[in-house]
Amino acid sequence: MDDQISSTTDDQKNLQQADEKLAPDEFTDCKNFDDDDILDLAGGARDAIERHRFEDKTIDIKNVKIPSRPGKEEAHAEAKETLSQLWDLLYWRDVQKTACVFGATLSLLISLSVLSIISVCSYIALALLSITICFRIYRGITDALQKSENIHPFKLYLEQDVTLPADFIHKHSDMMLKCINATVNELKHLFLVEDLIDSLKLAVLLWVLTYVGSVFNGLTLLIMGEVAAFTCPIFYEKYQTQIDHYSGLANGYLQDVVKKIQAKVHGLKNKAE
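UniProt numbering applies: residue 1 is where the sequence shown begins, and numbers increase by one.
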């Protein structure tokens with residue numbers, strides 16, 4: 001028992017010495033805290049903890065990677081790029097490129113209007129084959145005279161891969177399928193008279209086309225359409241204000257006529273009912 005009492009007294013002395021070594025002022029200051037100070041400290045600690053949790057959540061949300069759809073983004077980018085190239089072609093941004101395309105397509109259409117499609121395709125293929133054969137023979141003769149290595153003149157083009165990938169075929173087949181389905185649904189909407197006004201518009205258009213077809217054939221209309229496609233954008237760009245003014249007047253007149261027709265049609269429906 002005496003040993004236990006002596007050990008406890010020694011422990012108490014050690015604790016007192018440790019308390020004396022610590023900063024006494026800091027602990028004496030804690031005694032001056034009242035209840036309001038303690039509540040403020042507790043509230044501040046709670047706010048700090050909640051703010052820390054909110055920051056962790058925001059960091060986790062920022063680190064989350066949202067899965068993208070590369071297929072749709074690539075298709076959208078390709079379509080946008082193709083459309084921009086088409087507009088550059090029609091607006092003659094590159095004169096040499098546009099002149100080549102316009103001249104080649106116009107010559108093809110004029111040839112088709114004069115000759116049959118079989119003759120036109122045969123003449124084009126024969127001309128291309130004649131050029132390649134003559135160039136191949138010419139390069140062979142020049143290489144033999146110069147005693148140089150005989151390299152095929154079209155080696156670079158022969159080594160290129162011209163096979164179409166399966167993804168390209170599937171993508172364009174899906175787009176074609178969507179266009180076909182949309183066309184079929186629109187034809188069903190028009191010919192089965194789902195909307196009487198739309199069907200009447202189609203009837204007027206077909207009636208006008210009967211008179212156009214009696215004067216022009218399909219190839220003539222294609223030639224006129226191509227000439228208009230390569231000339232109207234430039235003409236509109238130069239005289240945009242005047243064209244917009246007169247087109248607005250014509251559009252307003254047509255809308256008034258359509259409204260009158262719709263009013264008469266609805267009046268006939270109400271009388272029939």
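We put the beta carbon where it would ideally sit given N, CA and C, even for glycine. Predicted model, so just to flag it, every value in this text is computed and none were measured.
Start and end residues, alpha helix (DSSP H) containing residue i
i                 : result
threonine 98      : 95-114
leucine 164       : Where leucine 164 is concerned, there is no enclosing alpha helix (DSSP H), given that its DSSP letter is neither H nor E.
phenylalanine 135 : 117-146
Backbone secondary structure at residue i - three-state DSSP
i              : result
tryptophan 92  : coil
asparagine 185 : helix
isoleucine 151 : coil
For residue j and residue i, the rounded distance between their alpha carbons
i              : j                 : result
glycine 213    : leucine 219       : 11 Å
alanine 182    : phenylalanine 191 : 14 Å
isoleucine 223 : glycine 248       : 28 Å
valine 257     : aspartate 198     : 14 Å
threonine 142  : leucine 221       : 48 Å
leucine 145    : isoleucine 133    : 19 Å
lysine 171     : glutamate 78      : 12 Å
leucine 112    : alanine 99        : 20 Å
serine 116     : isoleucine 261    : 46 Å
glycine 225    : asparagine 150    : 48 Å
proline 233    : lysine 147        : 55 Å
leucine 177    : isoleucine 169    : 12 Å
Buried or exposed by the 16-neighbour rule on C-beta atoms within 10 Å, applied to residue i
i                 : result
leucine 164       : exposed
phenylalanine 230 : buried
leucine 209       : exposed
leucine 126       : exposed
leucine 109       : buried
task: For the stretch 190-266, list the beta strand (DSSP E) runs that are entirely contained and at least 3 residues long, ordered along the chain.
output: If one requires a minimum length of 3 residues, no beta strand (DSSP E) run lies completely within the stretch 190-266.
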